[in-house]
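The opening residue of the sequence shown carries number 4 in my numbering; numbering runs sequentially from there. Report on one structure; see the data block that follows.
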Amino acid sequence: MGFNTISSRDFLPCTSSGFVGTPLSEDRALVQALSLIDKAAFTATHQSERDRGQWRYSIIASDLDPRVDPHTHTIYVGSKLINKIGRKVPVTIIDGKHPEAILEQVSGEMRSVLIAGVQYFQAKTSFDEKDNRLAYVVEDLKKQGLMVAFTGIDKWFNGQPTEPTATLMCLAESVNKVYSLCDLCYPRLRNHGTYYWKFEGDTPVDHRSLRTIEPHEHFRALCLEHFIETTNEPQYETLKELTEGYKAITDRVPEFTAFSGPMYGGKSDSMISTVINMSGKLGCEYVFFKPKEDTRTPGKIVTRAGAFPGQQFGGEFDAIEIVNKDPEAGEYLTAEIAQAVIDKYDNKPVIVGFDEPWLLEESSLMRSIMELRLMGHPVIVGTLSSDFAKKGIGSTPAILSAANEVEVRSASCECNNLSNYTQRWVWDKAKKVYTTPSFNAPVVSIEKTKKQMENDVHADIYDTRCLFCLTVNDTPADWS
Ligand SMILES: [Zn+2]
Ligand SMILES: [Zn+2]
4 MGFNTISSRD
14 FLPCTSSGFV
24 GTPLSEDRAL
34 VQALSLIDKA
44 AFTATHQSER
54 DRGQWRYSII
64 ASDLDPRVDP
74 HTHTIYVGSK
84 LINKIGRKVP
94 VTIIDGKHPE
104 AILEQVSGEM
114 RSVLIAGVQY
124 FQAKTSFDEK
134 DNRLAYVVED
144 LKKQGLMVAF
154 TGIDKWFNGQ
164 PTEPTATLMC
174 LAESVNKVYS
184 LCDLCYPRLR
194 NHGTYYWKFE
204 GDTPVDHRSL
214 RTIEPHEHFR
224 ALCLEHFIET
234 TNEPQYETLK
244 ELTEGYKAIT
254 DRVPEFTAFS
264 GPMYGGKSDS
274 MISTVINMSG
284 KLGCEYVFFK
294 PKEDTRTPGK
304 IVTRAGAFPG
314 QQFGGEFDAI
324 EIVNKDPEAG
334 EYLTAEIAQA
344 VIDKYDNKPV
354 IVGFDEPWLL
364 EESSLMRSIM
374 ELRLMGHPVI
384 VGTLSSDFAK
394 KGIGSTPAIL
404 SAANEVEVRS
414 ASCECNNLSN
424 YTQRWVWDKA
434 KKVYTTPSFN
444 APVVSIEKTK
454 KQMENDVHAD
464 IYDTRCLFCL
474 TVNDTPADWS
C-alpha cells in the first residue's frame, strides 16, 4: 500500500491507470504516473527497437490547477522531500471547465496521455456536484488506442468522494492509491494518511471551504483515527468516541481494501480469498455480509470455482444478509453488523468481507465501514465497478474513494481483449430474442436466478465486454 509497483497491465494501450491520494501525496502520485509513462516508452522501444522518441505522450493539466505555471507552460513535480530539487515538466494547459478540449490535443502519433489533477476538470461551481465529462473523455482516448494515466485527489477534506476521480477509478483498469504517512501518528506509528485537514500552525481550521487554501494555512495528512478526532463535520461527531476502539486490539488503523471490476472478473473470489488468508495469518475469525437485494444465492456467497487461475478457495460461504437502512431516519447498518462481529470477537480483530456492497445505501454503508475499522476490524469488499452504461454503480464510487487500496479485477471479452465493463442483455418480447439495453434503463437489475431460468422467465442477463464490444442504445452525444 502506498508504495506501488507498476504492473504489465498498466502498459497496455486502451487502458487507464489512476494514481490517487491526498494533496499531501499528489506530488508523489504525479511522479509515479510519469514513471509509468517512461517505463511504457522504454518497454515499447525495447520491443520494437524503434527510436524512443516515437513514443509520443502529452501531459495535460487544468488551468485551475495551482501547480501549473501558465507563463512557462509547466507543472511542478516532485517536492524537495523526494528528490531535493523538484522539477518542472512541460504541460498542455486546458480550460478546466471544458475537459472535451483534451480530445483536440491528441494527434495521430500520440501513444499516451497523462492527465494531472483530475479534480480541476470541473465545469460546476460546487465541487459537490457530479461532473463526469472527463470520464467520457478518458474513455474516448482509450478507444483511440491511447494509454491513459491520471492523477488526482480521492476525497475532499470533509472525507467525501471527489469527482470525477471516483468515476475515473470505477472505469480504470488499474488504481494505485498513493498516500503519505499520518502527520499526527508519525514517528510513533506509521499509519497511512488517507484523509487530510487544514491547519493553521497546530490548530485545525474551523471552516469548510473545500477549494481554497490561505497562505497561513497548510494541509496535514491524517489517518482515519486522527481525521475523526480532528474534523468538525457534524456527520462524524458520534464516531469520535469510537477512536479508542482499534487500539484495544492493534496499533494500526485496520485496512480497507476494495476489489472492483466487471461481472466475471473475479472480484468476489479475490475478496473471499483475501479474507480467509488474512484470518489465517492473524489467527482470528471472519464474517461475510451481502445485501439482501442480491437474490442470486440467498444466505450464501459463491465463488465461481475453477474459473480463474490461481483461485485458492472455491465454493459457497455463509453470508449474513443485510437490508438497506434509511440514514435520514437515523438508521444505520451498524447495529446488526456490529452484533455479528461481536459474536465472533475474542479480543481479536474479525475480518469483515462484504460482497457486492454497491447495492447498499452509500452513507449508511460508508459509516458502517468507518465504525468497523475504528473498532479494530479490517474490511475487505468485492464490488461491481460500473453499470451497463459505464457509470460508477451505486455506492462503488464512494467505496473506491475511501478504500486504502483498490485492486481492479478485469475479465476477458469474447474478442480476447481485456474487459472491464458489464454488458446487460434484455429480453425483447416481440422478437423473442435477447437484445442490448437502452442507456436510460434502470441501473439495478439482478441477474437471472437458476429458478427463473428453469421457469423460462426472461429476466436480464449479463456478461462482460471490452470497451469496443460493449453495446448500449440511446447514448448521449458525449458518451464514449
Ligand atoms: Zn494518525
Ligand atoms: Zn471485445
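All C-beta atoms, glycine included, are put in the ideal place defined by N, C-alpha and C.
Test item: CB-CB of residue i and residue j under 9 Å
| i | j | result |
| --- | --- | --- |
| L192 | R376 | no |
| D301 | E324 | The question names Asp, yet the displayed sequence has Pro at residue 301. Cβ distance < 9 Å, so P301 and E324 count as in contact. |
| T18 | K145 | yes |
| I396 | W361 | yes |
| F481 | N443 | Per the sequence presented here, residue 481 reads as Asp, with Phe not at that position. Cβ distance not < 9 Å, so D481 and N443 don't count as in contact. |
| I252 | G356 | no |
| L363 | C173 | no |
| I40 | L117 | yes |
| S263 | E410 | yes |
| A555 | T246 | Outside the modelled stretch of the chain, which goes from 4 to 483, sits residue 555, for which no answer is possible. |
| A169 | A401 | yes |
| P167 | D143 | no |
| T438 | V429 | yes |
| R31 | G24 | yes |
| P265 | T234 | no |
Bridge partners - residue i, DSSP secondary structure assignment
| i | result |
| --- | --- |
| S19 | V151 |
| V409 | A261 |
| H461 | For H461, which the question treats as bridged, DSSP gives no partner whatsoever. |
| L117 | I62, A152 |
| W200 | R223 |
| N179 | F22 |
| W430 | Y437 |
| L67 | According to DSSP, L67 bridges with nothing at all. |
Which of helix, strand or coil DSSP assigns to residue i
| i | result |
| --- | --- |
| Y532 | Since the first and last residues shown for the chain are 4 and 483, residue 532 lies out of range. |
| V344 | helix |
| C469 | coil |
| N86 | Only weak support exists for where N86 lies, its pLDDT of 47 falling under 50; the coordinates are left without a value. |
| K303 | strand |
| N280 | helix |
| V109 | coil |
| A414 | strand |
| Q122 | helix |
| R31 | helix |
| F320 | strand |
| P73 | coil |
| P445 | coil |
| T253 | coil |
| T439 | coil |
| T168 | helix |
| F160 | coil |
Contact with chain B by residue i, beta-carbon distance below 9 Å
| i | result |
| --- | --- |
| A480 | The question asks about chain B, but that chain is absent: this structure has only one protein chain. |
Where in the stretch 211-251 do unbroken runs of the alpha helix (DSSP H), each at least 4 residues long, occur, reported from the N-terminal end onward? 227-233
Mind listing which residues have their beta carbon within less than 5 Å of any non-hydrogen atom of ligand 1? Chain order is fine. C185, L187, C188, N194, C226, H229
Just list the beta strand (DSSP E) runs in the stretch 343-394, keeping only unbroken ones of 3 residues or longer that don't cross its boundaries, in chain order. 354-358, 382-387
Specify which residues have a beta carbon nearer than 7 Å to any heavy atom of ligand 2, listing them in chain order. Result: C416, E417, C418, N420, S422, R468, C469, F471, C472.
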